[in-house]
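Residue numbers (the working numbering): 285 to 906.
What follows is one structure encoded as C-alpha cells, with my remarks underneath.
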Ligand SMILES: Cc1cc2nc3c(=O)[nH]c(=O)nc-3n(C[C@H](O)[C@H](O)[C@H](O)COP(=O)(O)OP(=O)(O)OC[C@H]3O[C@@H](n4cnc5c(N)ncnc54)[C@H](O)[C@@H]3O)c2cc1C
C-alpha cells in the first residue's frame, strides 16, 4: 500500500495494541488507539481494502445517523470521511419529531476507502501488516499476541478482533458455494477454531448484497427521481460549510408480478430455499428479494432503490434487491424492472454466511471476560452495518488504549448514546439474528438526538484525549451560543402575533417556540447572533424541553439500578431462591450492575428482586 510503512513493526514488540481486520470497526479501533498515544498494528488481509463499503453506498439513516454523529462527537473518523465524499445527502423523517430525524448520505465508495487509507498512512504510531491472523497467543488467561498464516507471530498485550464476515466465511450464488469472507477474498480459516478452543460460543449468521448494474444501461426516464437536499448537510460537527462535490439524484422503481414469478419459478435454485445450503439467520430489516416475495406474498410490489456508487463509478447499486439466486436468474429479474429493459449486470449479488461470537462474552468495555486484553468488535459480535461496526471499533480502540495506559475503561450508558444502547444490548441480551440499530431500541431516544450528540459526548472525547484543541474550541463556542440563544429566548418577549397565531400577553420567545406551530424561521430576526444551525438547535431544545425533563426522571431511576454493582465473581448458587433458569441466565451473562441484570431477556421480576435483596444485604454487611 502506497505511503504506509508496513514492515516497521513486524516484531510487534513496539505495538501495545494489535487490531485484526481493516474493516470499519478495525479502522476506527486502530486509529483511536494510535491517537491516544498507544502504538497500534493493524493486521489485515488486504490493506488496499481498508474500509471497503462491501454492500450499499449509504452511511447513516434512521438511528445509524445518530451513531455516526456520536462517533464524530467522541473524536472518531467516520463522519469526517463521509462528508468529504458525500454525493447524495438527505435528512430522513424531517416531518417527524427531532428524536427520529437523521442524516443519510451516499458515499463515493472508492474515494471513501482511499481517504481511510490516507488517514491510516498519515497517523503516527499506526502501522499496517498485510497478513491473515490464524491463531491467538494466550498465556495465563491473558492474550499475548497473534500467529499469522505464514507462521510468524506478533506479540502485544492487547488484541482487538474485528474480522467482520470472514470467520469461516462462505459465499453463495445459486449452487456456486465458495470459502470466502467476501466475494473474491479468502476467509479467515483458523481463527474460528482458535476461538472455539478458548471456549467462546460461536454461531452462524448470514447477510447478502444485491447486483450492481452499468449506469449507461439504465433508462432513468422510466424511474421516479429522489433528489438530494438542495442545502448542504454534513455529519461532522467539524465539517466546512458546503458539499465537497456535486450532488447526484437517486431513483426508485417497483418490482412487479413478472419479477416475483421469476423468484418463485427459480426457488429450487436458491441456496436459501430449494437448495437449503444457507443455515445462518439473515438480517430481519434487510431481507433478500426471495424472502420478500415468499414471506410477504400479499405485497404486489416492493420498492427498489437505484443508487450511484461514486461520482465516476460505472456502477449503480440496486438497493432492496439483495439476492443469492444464480446470476442468470438475477439478470432476468433485473430486466423486469422499469428502466432496466437493456440492463447490463456488472456484478451479481450474493449471500455470505459467517461465524460470529456471542457478545454476551463481553464486558461493556468490549473486552472479553474470558481472556484479559482480548477485545471483539464489529460484525464479529453479530451486528450488521458499517456504523454499528465503526461505533464498536471506536470503543474497543479507546479501551485497549486505556488498558495500555492503566486507566479505567470507557463504558457508555444507555442514557448517553446510541453507542451505549448498542453495546448494552449486545452484552446483556446477546444476538440471535444480525443486530441493526433502530430508534425503537433506545428508550431514552428523546435525549439521544442527532442534533445534540456533541453535548452528550464531546466532553468525554476531550477527556479521553481524542478531541483536539480546534474541535474542542469550536464545541465550547457552539455550546455557549446555544445556551446564550436559549437564555435569550427565555428572557425576551415574543410579539403579540406571529403569522395568524395570537400569543398570550407576556409570552416569551421560548413560550412561542415551544408551540408546534411556531418555528425558528418565524422569529429568526430575534436571534441575529446565531448561525442557522445553532438557531435551529435552539428551537429543538425548547420544543423538546418538557419531554426531556420527563425522560430525565426515568434516566435517574435507571441510574439508581446502574449504581448497584454486581461482583464479577458472584456465586449465583448462593442465592438459593433464584429459579434454575434465572441462575443460568445470570451465570451466563454476568451483568455488571443491577440495571444490566434487569435487562436480561426472560429474567423474571422475582429473580431480579432476589438479586437486588442479595446485593443490598451484601453491601450492608460489607
Ligand atoms: C455481502 C455483504 C452484504 C452486506 N450487506 C449489508 C447490508 O445490507 N446492510 C448493512 O448495514 N451492512 C451490510 N453488510 C455488512 C457491512 O459490510 C458490515 O457490517 C461492516 O462492513 C462490518 O464491518 P467490520 O469492520 O466488522 O468488518 P468488515 O468490513 O467485514 O471487515 C473485516 C476486515 O477484516 C479483515 N480480516 C478478517 N479476518 C482476518 C484475519 N483473520 N486476519 C487479518 N484480517 C482479517 C478482512 O480482510 C476485512 O478487511 C454486508 C457485508 C457483506 C460482505
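Note that beta-carbon positions come from the ideal geometry of N, C-alpha and C, so glycine has one too.
Rounded to the nearest angstrom, what separates residue i and residue j at their Cα positions?
i: residue 610; j: residue 552; result: 11 Å
i: residue 444; j: residue 884; result: 26 Å
i: residue 690; j: residue 681; result: 14 Å
i: residue 756; j: residue 874; result: 37 Å
i: residue 296; j: residue 379; result: Note that residue 296 has pLDDT 48, beneath the 50 cutoff, so the model's placement of it is unreliable and the number below is only indicative. Each residue's Cα considered, the two are about 53 Å apart.
i: residue 516; j: residue 523; result: 10 Å
i: residue 661; j: residue 772; result: 44 Å
i: residue 839; j: residue 728; result: 8 Å
i: residue 560; j: residue 456; result: 11 Å
i: residue 778; j: residue 849; result: 49 Å
i: residue 452; j: residue 860; result: 41 Å
i: residue 327; j: residue 876; result: 32 Å
i: residue 613; j: residue 597; result: 25 Å
i: residue 718; j: residue 817; result: 35 Å
i: residue 368; j: residue 494; result: 26 Å
i: residue 417; j: residue 683; result: 21 Å
i: residue 537; j: residue 312; result: 36 Å
i: residue 898; j: residue 694; result: 27 Å
i: residue 481; j: residue 461; result: 26 Å
i: residue 441; j: residue 424; result: 12 Å
i: residue 698; j: residue 726; result: 7 Å
i: residue 758; j: residue 588; result: 41 Å
According to DSSP, which residues form a beta bridge with residue i?
i: residue 343; result: 389
i: residue 636; result: 455 and 491
i: residue 872; result: None, per the DSSP bridge assignment.
i: residue 601; result: 496 and 591
i: residue 659; result: 444 and 651
i: residue 565; result: 489
i: residue 629; result: 497
i: residue 899; result: Answer by DSSP bridge pairing: none, since residue 899 is not bridged.
i: residue 572; result: None, per the DSSP bridge assignment.
i: residue 460; result: 457
i: residue 429; result: 421 and 439
i: residue 328; result: 414
i: residue 792; result: 777
i: residue 304; result: 327 and 445
i: residue 785; result: 782
i: residue 613; result: Residue 613 pairs with nothing; no bridge assigned.
i: residue 877; result: 849
Taking the alpha carbon of residue i as the point to measure from, which residue in the options has its own alpha carbon closest?
i: residue 624; options: 498, 612 and 512; result: 498
i: residue 439; options: 314, 300 and 305; result: 300
i: residue 595; options: 390, 549 and 556; result: 390
i: residue 505; options: 441, 621 and 482; result: 621
i: residue 458; options: 539, 734, 685 and 562; result: 562
i: residue 887; options: 903, 592, 868 and 897; result: 868
i: residue 343; options: 387, 848 and 656; result: 387
i: residue 500; options: 463, 744, 584 and 592; result: 592
i: residue 831; options: 760, 863 and 732; result: 732
i: residue 914; options: 311, 649, 601 and 636; result: Since the first residue of the chain shown is 285 and the last is 906, residue 914 is not available in this structure.
i: residue 394; options: 802, 333, 575 and 424; result: 333
i: residue 688; options: 786, 338, 371 and 657; result: 657
i: residue 407; options: 324, 383 and 788; result: 324
i: residue 708; options: 737, 685, 795 and 676; result: 676
i: residue 539; options: 512, 576 and 549; result: 576
Please go through the same chain and pick out, in chain order, the residues whose beta-carbon is closer than 7 Å to the beta-carbon of residue i, but skip the five residues on each side of it.
i: residue 292; result: Caution applies to residue 292, whose pLDDT of 40 falls short of 50 and renders its modelled position unreliable; the model cannot decide the point.
i: residue 569; result: 720
i: residue 745; result: 357, 358, 359 and 751
i: residue 535; result: 504, 507, 508, 509, 510 and 590
Leaving out the 5 sequence neighbours to the left and right, which residues in its chain are closer than 8 Å to residue i when beta-carbon positions are compared?
i: residue 643; result: 660, 665, 666, 710, 711, 714 and 715
i: residue 804; result: 797, 811, 819, 820, 822 and 823
i: residue 484; result: 641, 642, 645, 652 and 654
i: residue 530; result: 371 and 595
i: residue 464; result: 453, 454, 455, 470, 471 and 636
Among the residues of its own chain, which have a CB less than 6 Å from the CB of residue i, if the five just before and after it don't count?
i: residue 526; result: 516
i: residue 566; result: 490
i: residue 703; result: 354, 675 and 696
i: residue 364; result: 520
i: residue 317; result: 301, 324, 681, 684 and 685
Closer than 7 Å: is that where the CB of residue i sits relative to any heavy atom of ligand 2?
i: residue 597; result: With respect to ligand 2, the structure shown offers nothing to examine, as its ligands consist of ligand 1.
Within the stretch 466–538, ranges of the alpha helix (DSSP H) (whole runs, at least 4 residues): Within the stretch 466–538, the alpha helix (DSSP H) runs of at least 4 residues that lie entirely inside it are, in chain order, 475–481.
Continuous alpha helix (DSSP H) assignments of at least 4 residues falling wholly in the stretch 814–873: Positions of the alpha helix (DSSP H) runs, each at least 4 residues long and wholly inside the stretch 814–873, are given as 816–846 and 864–873 in order along the chain.
Report the start-end ranges of each alpha helix (DSSP H) in the stretch 716–779 that is 4 residues or longer and not cut off at the edges. 737–748 and 753–775, all fully within the stretch 716–779.
Any chance you could list the alpha helix (DSSP H) runs of at least 4 consecutive residues sitting entirely within the stretch 343–426, in chain order? Taking only runs of at least 4 residues, the alpha helix (DSSP H) segments lying wholly in the stretch 343–426 are 348–358, 362–368 and 393–406.
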